[in-house]
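Student: Sharing a structure with you now.
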């Protein structure tokens, strides 16, 4: 699997056409989905379209309704209202066993009394396919996930990562129109997690299979998804590309959930925080420190330094606020006096982004759900940024 | 040789000495441990196998009374007595027919209940579950006396059906509680995964749920069989004098013959239990059924 891994990251442009204007018949369309459980509204008028061949993550904190949504797509829960269309067919009224989707469960849900081969063959056996065809398809898919050598092992005898691949193989062997993954990596250790998510992305790209992943890990979502639906309290807060989500979060919730942000009460004018009723959000990599005065910079003192490996998290105290910055290269010593400059700030009113501007220039762009075209520009507008990878988790 | 090297050598020697000392103390510890284990094993053997040995000797002894350390002679007469007793053959037959039937009916009645207890939340679920203990909570004889009057009214006295009903009462707790726990232990996601793969609900039940709960159900079946096989009080009350099973027949034997005959009969009575236990051990404790539960 490792030979083609290099393509995984480059494959951000999905086959289904993220920018494509024409609505494809494939993929997944959810409209007006509602679900109440125990008198509590879990899903509140949810709309979501996943294009054919696209990989979309449902990202959110626990209890935001992402798993409930996935279970309704899979057919384990019936929505109170709304429709779910898979590959152009309304499946809302169908049970899980009659839907063209296949799911990979969080705990893998492998049947312990069957061998790996039998686990993967079970869906085909149910379809009453001839034995040679089952044999061939199972062998092929086990080869795809690199597990042919464990064909006759039982799930209890193989490692967690291998169990996960069996679960994936069992879903893929059905050649589903829609692949669903429920927190696929949460039971793996950190190192394996990165490898497996690359593998999943690579296989998904190779097969061009429409995929929905549920995760609470923004890192995971950012690194595999074509688009991410950030969910909060049963609603989708924003549905955009990973870059767009980070650069132009539509709400304060998204801004704080994805990456780290300096969150300051007040307003923003001419590179400084002023009194006001709004909330200003500044990404740490948009705060720059220099020992000599620069246009727009204010005097600042280094208050605290936290080494973070390939960069340092530095707290800079200015007269208007204390700002967290990510600095690479030569890090100033504790207590150093210098100048701090903010190159980009976002202003939120009532939790919603109202103004986003780089120092000096006015950017009238608003975080617009689904508007993917501008994603690259925001990143390029401050190429001077010495900041490390923007997606580093706090 | 430089000083550092010398120190190193000395250090090494000291270390070697230490390990050697540690090894001797370790060996001493092992010996004490072994002795303790052996004493414990002998103790267990005497308590578990002792009575069986006593039975075995009696079954083949001409007579074996207190002051004598060993029986006066050996004979197969008691076995002959037992096997030539016609009533006994009938009793064995009755037992071997009634007990499997009891297990079967008990399973038919209790397994759906067990599944319901495990998978559905219904009104007074816990009360019913605990209520199953009722038959075991009161003195059996009182229960059977009441039952007898009811059976007279229903013409169930001295019938096989009556015996089966009485014996089922004693198996209900096993047949409901153990399978209920087994059903409940089947992770729902395994059933959902099967449905997702395209299996109907019935297929899911037979291919996944029942299959995975099978070890528990087998244990329940074995325990029910033994409970039924050993049940004497109720069976005697309902069945005698028309039907005798092996335990009830034993009452008669103990009263009418010397204790050697009872010994022979005890051995016969324990054969099915031993066979069942060995079978259960082979199929439940070892192999994939046990292994299946390691997975989350």
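Residue numbers (this note's numbering), protein chains in the order written: chain A, 1 to 394; chain B, 1001 to 1296.
The beta-carbon is built from N, C-alpha and C at its ideal position, and this holds for glycine as well.
Does chain A have any CB closer than 8 angstroms to the CB of residue 1211(B)?
Tutor: Judged by the 8 angstroms Cβ criterion, residue 1211(B) is in contact with chain A.
Student: Taking the beta carbon of residue 1115(B) as the centre, do at least 16 other beta carbons fall within 10 Å, making it buried, or is it exposed?
Tutor: So residue 1115(B) counts as buried.
Student: If the cut is a Cβ gap below 8 angstroms, which residues of chain B does residue 395(A) touch?
Tutor: The displayed coordinates of chain A run from 1 to 394. Any statement about residue 395(A) would go beyond what the structure contains.
Student: Can you give me, in chain order, the residues of the region 1179-1191 of chain B that have a beta carbon less than 8 angstroms from any beta carbon in chain A?
Tutor: Flagged, chain order: 1187, 1189 and 1190.
Student: Pick helix, strand or coil for residue 73(A), following the three-state DSSP scheme.
Tutor: Residue 73(A): helix per DSSP, three-state reduction.
Student: Would you tell me roughly how many angstroms separate the C-alpha atoms of residue 24(A) and residue 213(A), rounded to the nearest one?
Tutor: Since pLDDT at residue 24(A) reaches only 48, below the 50 mark, its modelled position is unreliable, and no value is offered.
Student: Got a sec? Which residues, its chain only, sit under 8 angstroms from residue 1172(B) by beta carbon, not counting five neighbours each side?
Tutor: Answer for residue 1172(B): 1106, 1109, 1110, 1132 and 1135, listed in chain order.
Student: Would residue 127(A) count as contacting chain B if we go by Cβ distances under 8 angstroms?
Tutor: Chain B, which has a Cβ nearer than 8 angstroms to the Cβ of residue 127(A), makes this yes.
Student: What residues in the region 1200-1229 of chain B have a beta carbon less than 9 angstroms from any beta carbon of chain A?
Tutor: From the region 1200-1229 of chain B, only 1200, 1201, 1203, 1204, 1207, 1208, 1211, 1212 and 1214 have a Cβ closer than 9 angstroms to chain A.
Student: Taking Cβ-Cβ distances below 8 angstroms as the criterion, which residues of the region 137-151 of chain A are in contact with chain B?
Tutor: Within the region 137-151 of chain A, no residue qualifies.
Student: Starting from the Cα of residue 320(A), find the closest Cα among 301(A), 331(A) and 36(A) and give me that residue.
Tutor: Taking only the C-alpha atoms, the option nearest residue 320(A) is 301(A).
Student: Residues in the same chain with beta-carbon distance under 8 angstroms from residue 22(A), minus the five sequence neighbours each way, listed in chain order, please.
Tutor: Caution is warranted here: a pLDDT of 41 is assigned to residue 22(A), below 50, making its placement in the model unreliable, and the coordinate value is therefore given only provisionally. Closer than 8 angstroms at the Cβ level, and outside the excluded window around residue 22(A), lies no residue.
Student: Could you spell out where the beta strand (DSSP E) holding residue 82(A) opens and where it closes?
Tutor: Here the beta strand (DSSP E) through residue 82(A) covers 81-86.
Student: For residue 1280(B), name the three-state secondary structure that DSSP assigns.
Tutor: Three-state result, residue 1280(B): helix.
Student: Any idea what DSSP makes of residue 1256(B), helix, strand or coil?
Tutor: Correct three-state label for residue 1256(B): helix.
Student: Taking 8 angstroms as the CB-CB limit, is residue 72(A) close to chain B?
Tutor: Answer no: the Cβ-Cβ gap between residue 72(A) and chain B never drops below 8 angstroms.
Student: I need the straight-line Cα distance from residue 235(A) to residue 142(A), nearest angstrom please.
Tutor: Each residue's alpha carbon lies about 37 angstroms from the other.
Student: Residue 1238(B): buried (16+ other C-beta within 10 angstroms of its C-beta) or exposed?
Tutor: Label assigned to residue 1238(B): buried.
Student: On the premise that residue 305(A) lies in contact with residue 314(A), defined as a C-beta separation below 8 angstroms, what is that separation, rounded to the nearest angstrom?
Tutor: Their Cβ separation, rounded to whole angstroms, is 5 angstroms, which keeps residue 314(A) and residue 305(A) in contact under 8 angstroms.
Student: Report yes or no: is there a C-beta of chain B within less than 8 angstroms of the C-beta of residue 113(A)?
Tutor: Judged by the 8 angstroms Cβ criterion, residue 113(A) is in contact with chain B.
Student: Could you check whether the Cβ of residue 238(A) sits closer than 8 angstroms to any Cβ belonging to chain B?
Tutor: It does not: the Cβ of residue 238(A) has no partner Cβ on chain B nearer than 8 angstroms.
Student: Taking residue 1265(B) and residue 1099(B) to be in contact with their CB atoms under 8 angstroms, please state how far apart those CB atoms are, rounded to whole angstroms.
Tutor: Between residue 1099(B) and residue 1265(B) the Cβ distance is about 17 angstroms, and since that is not below 8 angstroms, they are no contact.
Student: Please confirm whether residue 164(A) has its beta-carbon closer than 8 angstroms to some beta-carbon of chain B.
Tutor: No - not a single Cβ of chain B is within 8 angstroms of the one on residue 164(A).
Student: List the whole-angstrom C-beta distance separating residue 1280(B) from residue 1218(B), where the pair is believed to meet the contact cut-off of C-beta under 8 angstroms.
Tutor: Correct: roughly 7 angstroms between the Cβ atoms.
Student: Which residues of chain B have a Cβ atom closer than 7 angstroms to the Cβ of residue 103(A), listed in chain order?
Tutor: The answer, in chain order, is 1196.
Student: List the residues that DSSP assigns as beta-bridge partners of residue 1077(B).
Tutor: In DSSP, residue 1077(B) forms no bridge with anything.
Student: What residues are listed by DSSP as bridge partners for residue 103(A)?
Tutor: DSSP, once it has assigned bridges, lists 180(A) as partnering residue 103(A).
Student: Output the distance between the C-alpha atoms of residue 134(A) and residue 171(A), rounded to the nearest integer angstrom.
Tutor: Cα-Cα distance, rounded: 14 angstroms.
Student: Which class does residue 174(A) belong to by DSSP, given the choice of helix, strand or coil?
Tutor: Of the three classes helix, strand and coil, the one that applies to residue 174(A) here is coil, per DSSP.
Student: Step through the CB atoms of chain B and report whether any lies within less than 8 angstroms of the CB of residue 122(A).
Tutor: Yes, because at least one Cβ of chain B sits closer than 8 angstroms to the Cβ of residue 122(A).
Student: Are there 16 or more other CB atoms within 10 angstroms of the CB of residue 262(A), so buried, or fewer, so exposed?
Tutor: Looking at its Cβ environment, which holds 16 or more other Cβ atoms inside 10 Å, residue 262(A) is buried.
Student: By Cβ distance, which residues of its chain are closer than 7 angstroms to residue 405(A), with the 5 residues on each side in sequence left out?
Tutor: Past the edges of chain A, shown from 1 to 394, lies residue 405(A), and the structure says nothing about it.
Student: Specify whether the region 1250-1267 of chain B and the region 1154-1173 of chain B touch according to this definition: at least 3 beta carbon pairs, one from each stretch, less than 8 angstroms apart.
Tutor: The answer is no - the region 1154-1173 of chain B does not touch the region 1250-1267 of chain B, with fewer than three Cβ pairs under 8 angstroms.
Student: Residue 152(A) by DSSP, collapsed to three states: which one?
Tutor: Residue 152(A) falls in the coil class under three-state DSSP.
Student: With a cut-off of 8 angstroms, does the C-beta of residue 169(A) fall near any C-beta of chain D?
Tutor: Going by chain labels, chain D is absent from the structure shown, which instead holds the protein chains A and B.
Student: Can you pull the chain B residues whose beta carbon is under 9 angstroms from the beta carbon of residue 76(A), in chain order?
Tutor: Correct list: 1192, 1195 and 1196.
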